[in-house]
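Student: In full-length UniProt numbering, the protein residues as written are 1 to 212.
Printed below as a string of structure tokens:
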């Protein structure tokens with residue numbers, strides 16, 4: 001089964017649409033969470049993800065924040081984003097049924113491992129092949145006899161604002177295809193301004209480096 005696996009859309013609808021177009025024909029989709037917050041299209045992104053055929057949709061920490069009704073992290077900037085996005089979010093029922101992990105063919109899918117920020121060099125114990133998101137950094141490393149893959153971020157790449165990352169996985173063979181493409185984030189930033197995001201939030205996106 002060929003799966004398109006993606007994470008951390010963070011309300012960026014144009015990036016999500018481009019990622020889905022790039023994925024082409026697949027047998028199913030796995031969303032690893034953090035579809036909401038930061039970007040201006042949390043409602044629309046939840047709707048689009050829900051519409052995908054043969055979908056497994058998991059929750060991330062930002063879904064947990066929305067369900068709790070408060071931001072649970074320590075970042076002042078992220079708290080500003082949360083306050084702005086949460087007030088206009090009305091798809092709460094869609095978040096309540098999301099699971100924390102999914103396993104198939106010896107592969108574990110989850111937003112992260114142990115509520116940690118897991119990078120390529122982070123020591124973690126694996127009991128199977130694992131695919132995660134959360135850090136917005138794509139990688140594939142061997143932790144013999146298993147692999148650890150981060151599919152990257154669709155909507156808020158931490159290295160380059162204009163890069164979309166996800167993976168395609170063939171579950172029968174275990175083959176992992178790291179996918180990346182560039183896009184124009186200008187409409188995203190324009191929409192942040194149109195929806196009257198705080199200046200610090202707009203500046204966060206404007207200041208991020210771009211690959212293109």
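Glycine included, C-beta positions come from ideal geometry on N, C-alpha and C.
Note that the coordinates shown come from a computational prediction; the quantities given were computed from them, not determined experimentally.
Quick one: what does DSSP say residue 28 is sitting in, helix, strand or coil?
Tutor: Within the chain shown, numbered from 1, the residue matching residue 28 stands at position 28. Of the three classes helix, strand and coil, the one that applies to residue 28 here is strand, per DSSP.
Student: Compute the Euclidean distance between the alpha carbons of residue 14 and residue 82, then round it to the nearest angstrom.
Tutor: As a working mapping, residue 14 is identified with position 14 in the chain shown. As a working mapping, residue 82 is identified with position 82 in the chain shown. Cα-Cα distance, rounded: 20 Å.
Student: Should residue 102 and residue 30 be called a contact, given that it needs their Cβ atoms to be closer than 8 Å?
Tutor: The residue labelled residue 102 in the question sits at position 102 within the chain shown. The residue labelled residue 30 in the question sits at position 30 within the chain shown. Yes, these two residues count as a Cβ contact at 8 Å.
Student: Whose C-alpha, out of 26, 65, 11 and 195, is nearest the C-alpha of residue 44?
Tutor: Taking the chain shown and counting its residues from 1, the one referred to as residue 44 is at position 44. That would be 11, whose Cα lies nearest to the Cα of residue 44.
Student: What separation, rounded to the nearest whole angstrom, lies between the Cα atoms of residue 78 and residue 65?
Tutor: Your numbering for residue 78 matches position 78 in the chain shown. Your numbering for residue 65 matches position 65 in the chain shown. Each residue's Cα considered, the two are about 11 Å apart.
Student: With the cut-off set at 8 Å, would you say residue 1 and residue 24 are in Cβ contact?
Tutor: Along the chain shown, read from residue 1 onward, the residue named residue 1 stands at position 1. Along the chain shown, read from residue 1 onward, the residue named residue 24 stands at position 24. Contact flag unset, no.
Student: Can residue 139 and residue 150 be called in contact, C-beta distance under 8 Å?
Tutor: Here residue 139 corresponds to residue number 139 of the chain shown, with the count starting at 1. Here residue 150 corresponds to residue number 150 of the chain shown, with the count starting at 1. Against a cut-off of 8 Å, the Cβ pair of residue 150 and residue 139 comes out as a contact.
Student: Along the chain, where does the beta strand (DSSP E) that runs through residue 37 open and close?
Tutor: The residue labelled residue 37 in the question sits at position 37 within the chain shown. Premise fails: residue 37 is in no beta strand (DSSP E) and is neither H nor E.
Student: For residue 212 versus residue 182, is the C-beta distance shorter than 8 Å?
Tutor: Residue numbering aside, residue 212 sits at position 212 when the chain shown is read from its first letter. Residue numbering aside, residue 182 sits at position 182 when the chain shown is read from its first letter. For residue 212 and residue 182, yes; Cβs fall inside 8 Å.
Student: Relative to the alpha-carbon of residue 136, which residue among 4, 200 and 9 has its alpha-carbon at the smallest distance?
Tutor: Residue 136 sits at position 136 when you count from the first residue of the chain shown. Of the listed residues, the one whose Cα sits closest to residue 136 is 9.
Student: Taking 8 Å as the threshold (beta carbon to beta carbon), is residue 209 in contact with chain E?
Tutor: Among the chains of the structure shown, chain E does not appear; only one protein chain is present.
Student: What is the DSSP secondary structure of residue 162, counted as helix, strand or coil?
Tutor: Taking the chain shown and counting its residues from 1, one reaches residue 162 at position 162. Residue state, collapsed to three classes: coil.
Student: Between residue 170 and residue 196, what straight-line distance do the alpha-carbon atoms span, to the nearest angstrom?
Tutor: In the chain shown, residue 170 corresponds to position 170, counting from 1. In the chain shown, residue 196 corresponds to position 196, counting from 1. Cα-Cα distance, rounded: 42 Å.
Student: May I ask you to verify whether the region 197-211 touches the region 45-52, counting CB pairs closer than 8 Å and requiring at least 3?
Tutor: Touching, no.
Student: In the DSSP assignment, what are the bridge partners of residue 208?
Tutor: As a position in the chain shown, residue 208 is number 208, starting the count at 1. Its beta-bridge partners do not exist; DSSP assigns none.
Student: Name, in chain order, the residues that DSSP records as bridge partners for residue 197.
Tutor: The residue given as residue 197 occupies position 197 in the chain shown. None, per the DSSP bridge assignment.
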